[in-house]
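Engineer:
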Amino acid sequence: NAEAAAEASPLAGRLFEIPGVTGVFFGYDFITVTKDGPDWQHLKPAILGAIMEHFMSGAPVMASVAPASEAGGTGEFYDKADEELVLTIKELLATRVRPAVAQDGGDITFRGFENGTVFLHMKGACAGCPSSTATLKHGIQNLLRHFVPEVQQVEQVA
Numbered sequence: 002n003a004e005a006a007a008e009a010s011p012l013a014g015r016l017f018e019i020p021g022v023t024g025v026f027f028g029y030d031f032i033t034v035t036k037d038g039p040d041w042q043h044l045k046p047a048i049l050g051a052i053m054e055h056f057m058s059g060a061p062v063m064a065s066v067a068p069a070s071e072a073g074g075t076g077e078f079y080d081k082a083d084e085e086l087v088l089t090i091k092e093l094l095a096t097r098v099r100p101a102v103a104q105d106g107g108d109i110t111f112r113g114f115e116n117g118t119v120f121l122h123m124k125g126a127c128a129g130c131p132s133s134t135a136t137l138k139h140g141i142q143n144l145l146r147h148f149v150p151e152v153q154q155v156e157q158v159a
């Protein structure tokens with residue numbers, strides 16, 4: 002929700018103050034803002050202005066460290082015997098998948114590997130995208146199966 006986001010990020014708080022803004026997602030080198038209702042033509046100047054003012058002020062993007070569940074490497078589950086497979090999966094995600102979905106304003110993170118199933122968390126524009134299931138099942142699943150034969154399927158987790 003907007004209040005929790007504003008508490009975690011002063012910039013998100015500023016963006017949520019703009020009428021029509023329904024979502025804010027921070028990627029490594031991009032910001033995704035989603036809207037409801039008003040035309041982008043009217044929102045774009047306000048959004049760009051808020052972002053520029055925030056960075057000019059020198060205020061931090063994030064108020065504190067992200068919760069452990071959001072930090073990379075924590076909250077993951079897999080058998081230690083599969084560690085080498087998991088490293089290969091993570092490398093493929095980092096080099097082939099994440100850059101592609103970042104171009105569309107989203108991100109995908111590894112959550113776990115169990116019994117041939119890779120569990121991924123979709124964030125930003127990917128989380129609400131109608132074609133995310135197709136991307137997950139056809140694109141990512143096929144890529145991982147090709148390079149890691151032990152992968153049988155890919156599932157999305159919250």
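Residue numbers for the sequence shown follow this note's numbering, so the first one is 2 and each next one is one higher.
Glycine is no exception: its CB is placed at the ideal position from the N, C-alpha and C atoms.
It should be emphasised that the depicted structure is a prediction, and the values quoted were computed from it without experimental measurement.
(1) Below 8 Å, how does it come out for the segment 142-158 and the segment 90-99: are there three or more Cβ pairs, yes or no?
(2) Who are the near neighbours of ALA7 in its chain, counting only those whose CB is closer than 7 Å to its CB and skipping five residues on each side?
(3) Using DSSP with H/G/I as helix, E/B as strand and the rest coil, what is GLY73?
(4) Indicate, with yes or no, if the ligand NAD has a heavy atom lying under 7 Å from the CB of PHE111.
(5) Could you pull the DSSP bridge partners for LYS124 from this structure?
(6) Does the beta-carbon distance from ALA95 to PHE31 come in below 8 Å?
(7) Quick check: ASP108 and ARG99, are their CB atoms within less than 8 Å of each other?
(8) Measuring only the C-alpha atoms, how far is PHE78 from GLU85?
Structural biologist: According to the data block:
(1) yes
(2) Reading the sequence shown from its first residue, position 6 is the one you call residue 7. Around ALA7: ALA13, GLY14 and PHE17.
(3) Here residue 73 refers to the residue found at position 72 of the sequence shown. The predicted model places GLY73 with a pLDDT of 45, which falls under 50 and marks its position as unreliable, so this point remains unresolved.
(4) For the structure depicted, the ligand NAD is absent and the ligand set is empty, with no information on it obtainable.
(5) Position 123 of the sequence shown, counted from the start, is the residue given in the question as residue 124. Its beta-bridge partners are ASP108.
(6) For the purposes of this step, residue 95 is identified with residue 94 of the sequence shown, where counting begins at 1. For the purposes of this step, residue 31 is identified with residue 30 of the sequence shown, where counting begins at 1. No, these two residues do not count as a Cβ contact at 8 Å.
(7) Here residue 108 corresponds to residue number 107 of the sequence shown, with the count starting at 1. Here residue 99 corresponds to residue number 98 of the sequence shown, with the count starting at 1. Yes, the pair counts as a contact, with Cβ atoms nearer than the cut-off.
(8) Residue numbering aside, residue 78 sits at position 77 when the sequence shown is read from its first letter. Residue numbering aside, residue 85 sits at position 84 when the sequence shown is read from its first letter. Those two C-alpha atoms are separated by around 14 Å.
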